[in-house]
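The structure appears below as structure tokens.
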Amino acid sequence: MHTKTKALMARGAAFLGAETAILCGAMSWVSERNLVAAISNAGGFGVIACGAMTPALLEGEIAATKALTSKPVGVNLITMHPDLFDLIAVCGRAGIGHVVLAGGIPPKGSIEALKEAGAKVICIPPTLALAKKYLRSGADALVIEGSEAGGHIGPVSTSVLAQEILPELAADHVIFVAGGIGRGEAIAAYLEMGAAGVQLGTRFACATESIAHPAFKKAFFRANARDAVASVQVDPRLPVIPVRAIKNKGTEEFTAKQVEVAKLLDAGEVDMMAAQLLIERYWAGALRRAVIEGDVENGSVMAGQSVGMVTAEEPAATIIATLMDECEAALTARLVPA
Ligand SMILES: Cc1cc2nc3c(=O)[nH]c(=O)nc-3n(C[C@H](O)[C@H](O)[C@H](O)COP(=O)(O)O)c2cc1C
């Protein structure tokens, strides 16, 4: 079964300690114990989204996840979290084998601290130059994520990042490709380009095991690719990272929020760092409103452009099996008779 796919995924799967090299990217509020355990139990690699959790909450979430699966799971830490080093210590004590550092350049000492804690470190570089820098700094693997993805995004598409980074680095390093992947045919293409595996978020957000509110899932099933739009930056001074989400009233509320934060900046009441934290806190709250409370009008329904390919609730195992089948069929069809 899936012989060609598994051969191309072998390096990535060995790195993760999973049956396949398919990661479910951490999604704040969505990637908690139930979805993470379901993904890992189905042969993928689940990653707990720490988001804004306190160290005590993360400790509890890891323990609860481990009660649901004996397979490896990872933890995603946001680099600007004020308690980053305490969170790293929690991962170390819990024996987490893989930590993804997301949300910007890892602060000094964080990669070293993770390695001392016994974890393999996965970074998310937005450019080839940063990819090389992270590897030099000790990153064990990379996820390259293009602007088609849901959530916080960079400016460059997955297809261009893959062409820039894979030919240079993939032979010697474990690199996973993310952003805009909805079907196995795309996985086949990136594996053939040298990727060790892939990471998907949007495709897994509505899995049966996902605790996302039924209204959140319905918004996904109804949406087309063009409904998943990137947020707009109203003031060039604001340190705003664009976020891709399904267009709704909340999209406009974010514009108002930026004006509010810009005024605080002008009045000298906050500095750039504090302004960024205010913006990020806004997103965490808005996402919670949509995912947990089901307010898909005013909350943030973060989703990637592959949302148009998400049409029904399916168990994580079915999604992974479908992706593997599609990938294998694509690789098989490519074999030209001599
Ligand atoms: C609802 C949602 C929340 C997300 N939250 C996070 C997060 O907290 N940390 C992170 O590194 N990535 C986050 N992401 C990005 C995913 O981990 C993943 O890389 C991305 O969804 C892959 O692209 P795709 O959406 O096209 O599949 C989020 C994505 C979505 C859709």
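Under this note's numbering, think of the first position of the sequence shown as 851, with each following residue one higher. Where a beta carbon is used, it is the ideal one built from N, C-alpha and C, also for glycine.
Query raised in the report: Given a threshold of 16 other Cβ atoms within 10 Å of its Cβ, counted over all protein chains shown, does S920 qualify as buried or as exposed?
Result: exposed
Query raised in the report: Is the region 1003-1010 close to the region 980-990, with three or more CB pairs under 8 Å?
Result: no
Query raised in the report: In whole angstroms, what separates the C-alpha of V880 from that of E1035?
Result: 26 Å
Query raised in the report: If you drop the 5 nearest sequence neighbours on each side, which residues of the same chain put their C-beta closer than 6 Å to that of M903?
Result: Closer than 6 Å at Cβ, skipping near neighbours: no residue.
Query raised in the report: What three-state label does DSSP hand A1051 in the structure shown?
Result: It should be noted that the sequence gives Gly, not Ala, for residue 1051. In the structure shown, G1051 falls within a coil segment according to DSSP collapsed to helix, strand and coil.
**Report entry** Residues bridged to L951 [DSSP beta-bridge criterion]
**Finding:** L927 and C973
Requested in this report: Hey, could you find the ends of the alpha helix (DSSP H) E1042 is sitting in?
Outcome: G1034 to E1042
Query raised in the report: From which residue to which residue does the beta strand (DSSP E) around C1177 run?
Result: Element bounds for C1177: not the beta strand (DSSP E) but the alpha helix (DSSP H), A1166 to A1183.
Query - Paired residues, beta bridge with R1094 - DSSP - result: Paired residue(s): G1001 and A1080.
**Report entry** Any heavy atom of ligand 1 within less than 6 Å of residue CB: hits in chain order
**Finding:** G875, A876, M877, S878, V880, A899, G901, N926, A952, E995, E998, A999, G1000, G1001, A1028, G1029, G1030, I1031, Q1049, L1050, G1051, T1052, R1053, A1055, M1152, A1153, G1154 and S1156
Query raised in the report: Is the beta carbon of A1021 less than 8 Å from the beta carbon of A1045?
Result: no
Query raised in the report: Quick one: Cα of G1047 to Cα of A1153, how far?
Result: G1047 and A1153 have their C-alpha atoms some 21 Å from each other.
Query raised in the report: Touch check for the region 1062-1079 and the region 1107-1115: three-plus C-beta pairs under 8 Å?
Result: Touching, no.
Query raised in the report: Given a threshold of 16 other Cβ atoms within 10 Å of its Cβ, counted over all protein chains shown, does K970 qualify as buried or as exposed?
Result: That one is buried.
Query - Integer-rounded CB distance, given that V950 should sit under 8 Å from V993 - result: 7 Å
Query raised in the report: From L978 to A1057, what does the alpha carbon distance come to, in whole angstroms?
Result: 33 Å
Query - Expected contact under 8 Å - CB spacing of S1081 and F1104 to nearest Å - result: Indeed they touch by this definition, with Cβ atoms about 6 Å apart.
Query - Local Cβ density within 10 Å of A1117, reported as buried at 16 or more and exposed below that - result: exposed
Query raised in the report: If we count the other Cβ atoms within 10 Å of its Cβ and call it buried at 16 or more, is T1182 buried or exposed?
Result: exposed
Requested in this report: May I ask you to list the residues that DSSP assigns as paired with I872?
Outcome: Residue pairing by DSSP places I872 opposite V1048 in a beta bridge.
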